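Reading through the structure tokens given below for one structure.
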Amino acid sequence: MADYPQQVQSNHRRAWDVLKGQELIHRPPWLRVIQEHVRLPNQVEIPDYYRVEMPGFVNIFAVTPDHQVVTIEQYRHGPGVVSIELPAGGFDGKGASDDPLETAKRELMEETGMSAGRWTLLGKFFVDANRGCGWMYAFLAEEATAQQSPAPEPTEIHMVRLQSLDAVRKLWFDGSISNMAASALVGLALAHLEQTR
Numbered sequence: 001m002a003d004y005p006q007q008v009q010s011n012h013r014r015a016w017d018v019l020k021g022q023e024l025i026h027r028p029p030w031l032r033v034i035q036e037h038v039r040l041p042n043q044v045e046i047p048d049y050y051r052v053e054m055p056g057f058v059n060i061f062a063v064t065p066d067h068q069v070v071t072i073e074q075y076r077h078g079p080g081v082v083s084i085e086l087p088a089g090g091f092d093g094k095g096a097s098d099d100p101l102e103t104a105k106r107e108l109m110e111e112t113g114m115s116a117g118r119w120t121l122l123g124k125f126f127v128d129a130n131r132g133c134g135w136m137y138a139f140l141a142e143e144a145t146a147q148q149s150p151a152p153e154p155t156e157i158h159m160v161r162l163q164s165l166d167a168v169r170k171l172w173f174d175g176s177i178s179n180m181a182a183s184a185l186v187g188l189a190l191a192h193l194e195q196t197r
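Numbering-wise (our numbering), the sequence shown opens with residue 1 and increments by one.
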């Protein structure tokens, strides 16, 4: 990288300086929008940089003992589409219950009525590099079995489907899983399963 400017190389890890900030929207626990005046390490200033703070959430790639993947189909009002996704849910903001693994177990049980015998955290990922928008904790839940009827919240209207690994791989490749968080986890989980089997 001898031809790349040294200053860019040395400044790429420095945090930006926040010169001024103003909260524009605060709707706990769902959303906080902040406008900031920031100065970059190269002294360039951005007077109107917007950040969006949202609670973290979990996404779960659950697989049954007979290699069926638990998927969720539901209408999503933001993009206005019916979406094929994975069990997921946000932290409830009650302190100790914001543990990622406990949240994942709770959400899998609530949305599908299932529990899993083996859990693996595949990673923690930010959703939007420019605005923030919360962190996703991606879990692989193996040996998932039905324990009870699903008990979704009144605002959750969805259908649980069990689909083969090959069917989910096909949905992923053809773009049918268009929710970015779910799509990223499908790819990550399929790669993990291929490496460990």
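Ideal Cβ positions, reconstructed from N, Cα and C, are used throughout, including at glycine.
Please read these numbers as outputs of a predicted model, since none were measured by experiment.
The Cβ atoms of GLN74 and VAL63 lie no closer than 8 Å to each other. For GLY187, the enclosing alpha helix (DSSP H) begins and ends at 180 to 196. Excluding residues up to 5 positions away in sequence, THR71 and GLU73 lie with their Cβ nearer than 7 Å to the Cβ of ARG161 in the same chain. Rounded to the nearest angstrom, the gap between the Cα atoms of PRO154 and GLY56 is 21 Å. Beta-bridge partners assigned by DSSP to MET159: GLU73. Cβ atoms of ALA181 and VAL127 come within 8 Å of each other, at about 7 Å. The count of Cβ pairs closer than 8 Å, one atom from the region 43 to 60 and one from the region 127 to 140, reaches three, so the stretches are in contact. In the assembly as shown, THR145 is an exposed residue. Its beta-carbon has fewer than 16 other beta-carbons within 10 Å.
Each residue's CA atom was taken as its position, placing ARG106 and ARG197 some 27 Å apart. About 14 Å separates the beta carbon of ALA141 from that of GLU110, a gap too long to meet the 8 Å contact definition.
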